[in-house]
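Note that this note's numbering numbers the sequence shown so that position 154 is 154, with each residue one more than the last. Don't be surprised by glycine CBs; every beta carbon is placed ideally from N, CA and C. What follows is a set of notes on a single structure, which appears directly below.
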Amino acid sequence: MNFKFPIQTLNNLPTPYYYYDMDVLNATLDSVAKEAGSYGFKVHYAVKANANERILKAIKDKGFGADCVSGNEVKQALDCGYDSSGIVFAGVGKADWEINLGLDNDISCFNVESIPELEIIDELAGLKGKKARIALRINPNVNANTHHYITTGLEENKFGINQWDLEKVVECLSKLQNVELEGIHFHIGSQITDLLSFKDLCLRVNELQKWFISRHIFPKVVNVGGGLGIDYERPDENAIPDFTSFFQLFDEFLELLPGQELHFELGRSMVAQCGALMTKVLYIKSGVQTHFAIVDAGMSDLIRPALYQAYHKIENISSDLPNEKYDVVGPICESSDCFGKAVDLPQTKRGDLIAIRSAGAYGEVMANRYNLRDLPLAYYSDTI
Ligand SMILES: *Cc1c(COP(=O)(O)O)cnc(C)c1O
């Protein structure tokens with residue numbers, strides 16, 4: 001399944017814009033559904049990776065649930081037709097109105113990250129005469145071996161409940177009337193390409209399960225979060241991540257109790273490769289060492305390179321001249337507004353259409369209006 005650029009059409013659209021290849025998206029979703037389905041695993045799509053309505057609806061149509069990290073994400077999922085029974089709500093800082101929204105809509109589970117949060121959910125549920133289903137987000141202290149900004153499962157991170165606090169949490173739970181324990185939850189980080197990190201997670205979960213069993217607690221659900229990485233270097237060769245190996249690993253190493261469900265929250269791996277940020281070259285400027293290709297998209301439209309030193313493959317889809325090296329930079333008044341240094345591109349001129357690949361995840365959703373720039377529009381392969 002290859003990403004296709006209908007160049008004639010794309011050339012006529014006002015840049016910059018996000019372009020989504022819906023065939024790539026659907027093929028990816030089919031692969032997730034098939035591989036997870038073969039073990040009876042359930043996947044909630046992590047809405048924060050891309051909350052675009054068309055994308056969310058396509059994912060819902062394939063039968064996935066939604067993993068939300070804010071009240072507005074819960075609203076967006078409901079608006080896009082997700083059933084509340086397929087919505088889980090995570091996040092280290094849920095405001096009261098967000099908890100109330102989840103309670104009013106009877107979402108399937110709150111993933112809870114601290115005792116004070118547990119007490120507030122209990123109190124708010126009590127006021128409504130409801131019982132909230134909760135999962136404990138436990139910090140497994142497993143290294144995801146990824147960028148430190150997207151490592152979440154270490155003791156020094158702000159996320160989850162540390163193991164030494166579990167005793168207290170369980171004691172607190174036993175006293176609260178309006179919450180019921182549904183499961184245990186983990187999420188160790190993002191863009192994880194070494195599957196051994198997930199094996200480490202499985203082994204930690206197995207140990208923790210024993211701890212719970214010894215206290216006569218049998219969580220119905222184990223939720224191992226998301227984090228599966230994608231191939232930013234080779235978006236065409238590896239358009240669809242290796243979901244086969246991913247789910248197989250959990251099947252092999254995670255010991256589920258009888259009747260226990262295994263849940264996942266994949267974001268990036270489901271949507272990254274279906275999107276590209278399309279931009280035109282405004283100017284070529286030659287420096288002492290390098291040529292700059294100054295494009296009309298900036299870090300406000302795709303912040304990953306500036307925020308995480310992330311690599312995105314950059315292609316000039318208008319030119320097939322011999323290659324030269326370019327620093328591809330945006331118009332924003334920050335030196336970090338750079339999409340790639342010394343990028344090999346066919347000889348490039350003003351007006352050429354450039355594709356910044358693998359921008360379907362944490363692209364459009366992180367766009368902002370810095371420098372008072374307009375937010376780019378999105379176009380879709382099946383409706384242009
Ligand atoms: C961000 C996040 C995810 C999704 O992570 P990906 O790396 O995009 O798969 C899943 N669960 C939680 C709790 C998250 O915060």
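Count the other C-beta atoms from every protein chain shown that fall within 10 angstroms of the C-beta of residue i, then say buried if there are 16 or more, exposed otherwise.
i: Tyr-232; result: buried
i: His-148; result: exposed
i: Gln-209; result: buried
i: Pro-235; result: buried
i: Met-342; result: The residue asked about is misnamed: residue 342 is Ala in this sequence, not Met. It is exposed - the Cβ of Ala-342 has fewer than 16 other Cβ atoms within 10 Å.
i: Val-271; result: buried
i: Pro-140; result: buried
i: Thr-146; result: buried
i: Cys-333; result: exposed
i: Glu-73; result: buried
i: Pro-116; result: exposed
i: Glu-182; result: buried
Whole angstroms are fine: how far does the CA of residue j sit from the CA of residue i?
i: Gly-65; j: Gln-309; result: 31 Å
i: Leu-112; j: Phe-218; result: The question names Leu, but residue 112 in the sequence shown is Val. Computed Cα separation, rounded: 17 Å.
i: Gly-102; j: Glu-123; result: 14 Å
i: Arg-54; j: Tyr-18; result: 13 Å
i: Ala-77; j: Glu-180; result: 24 Å
i: Ser-31; j: Lys-57; result: 17 Å
i: Asp-296; j: Pro-346; result: 18 Å
i: Gly-40; j: Gly-91; result: 26 Å
i: Asn-2; j: Asn-26; result: 12 Å
i: Gly-129; j: Val-47; result: 29 Å
i: Glu-252; j: Ser-358; result: 30 Å
i: Val-328; j: Met-366; result: 20 Å
i: Ser-85; j: Glu-265; result: 15 Å
i: Gly-229; j: Tyr-283; result: 34 Å
i: Asp-152; j: Ile-384; result: As written in the sequence, residue 152 is Thr, which differs from the Asp given in the question. When rounded, the distance between both Cα atoms is 39 Å.
i: Arg-369; j: Met-278; result: 17 Å
i: Pro-14; j: Pro-376; result: 9 Å
i: His-312; j: Asn-223; result: 30 Å
Report back the beta-carbon spacing between residue i and residue j to the nearest angstrom; my notes put them in contact at under 8 Å.
i: Leu-173; j: Leu-118; result: 7 Å
i: Gly-360; j: Gly-275; result: 3 Å
i: Met-299; j: Gly-330; result: 6 Å
i: Lys-42; j: His-263; result: 5 Å
i: Ala-306; j: Asp-337; result: 6 Å
i: Asp-352; j: Lys-280; result: 7 Å
i: Glu-35; j: Phe-247; result: 5 Å
i: Ala-293; j: Thr-244; result: At roughly 38 Å, the Cβ-Cβ gap does not stay under 8 Å, so Ala-293 and Thr-244 are not in contact.
i: Asn-178; j: Ala-135; result: Not really, about 16 Å apart at Cβ, beyond 8 Å.
i: Ser-381; j: Asp-104; result: That pair is no contact at about 37 Å.
Shorter than 6 Å, the distance from the beta carbon of residue i to the closest heavy atom of ligand 1, or not?
i: Glu-265; result: yes
i: Gly-40; result: no
i: Arg-268; result: yes
i: Ala-297; result: no
i: His-187; result: yes
i: Ala-90; result: yes
i: Gly-225; result: yes
i: Ser-85; result: no
i: Ser-114; result: no
i: Ser-319; result: no
i: Ser-358; result: no
i: Ala-135; result: no
i: Ser-190; result: yes
i: Ala-46; result: yes
i: Ala-272; result: no
i: Ala-416; result: Lying outside 1 to 384, the shown extent of the chain, residue 416 is not represented and no answer is given.
i: Ala-49; result: yes
With DSSP collapsed to three states, give me the class of residue i.
i: Ile-332; result: coil
i: Ile-192; result: strand
i: Glu-315; result: strand
i: Ala-46; result: strand
i: Pro-376; result: coil
i: Pro-305; result: helix
i: Asp-30; result: helix
i: Cys-338; result: strand
i: Leu-136; result: strand
i: Tyr-18; result: strand
i: Met-1; result: coil
i: Asn-323; result: strand
i: Ile-121; result: helix
i: Val-365; result: helix
i: His-39; result: Checking the displayed sequence, the identity of residue 39 turns out to be Tyr instead of His. Correct three-state label for Tyr-39: coil.
i: Val-295; result: strand
i: Ser-197; result: helix
i: Glu-98; result: helix
i: Leu-262; result: strand
i: Leu-345; result: strand
i: Gly-351; result: coil
i: Ile-55; result: helix
i: Phe-247; result: helix
i: Lys-131; result: coil
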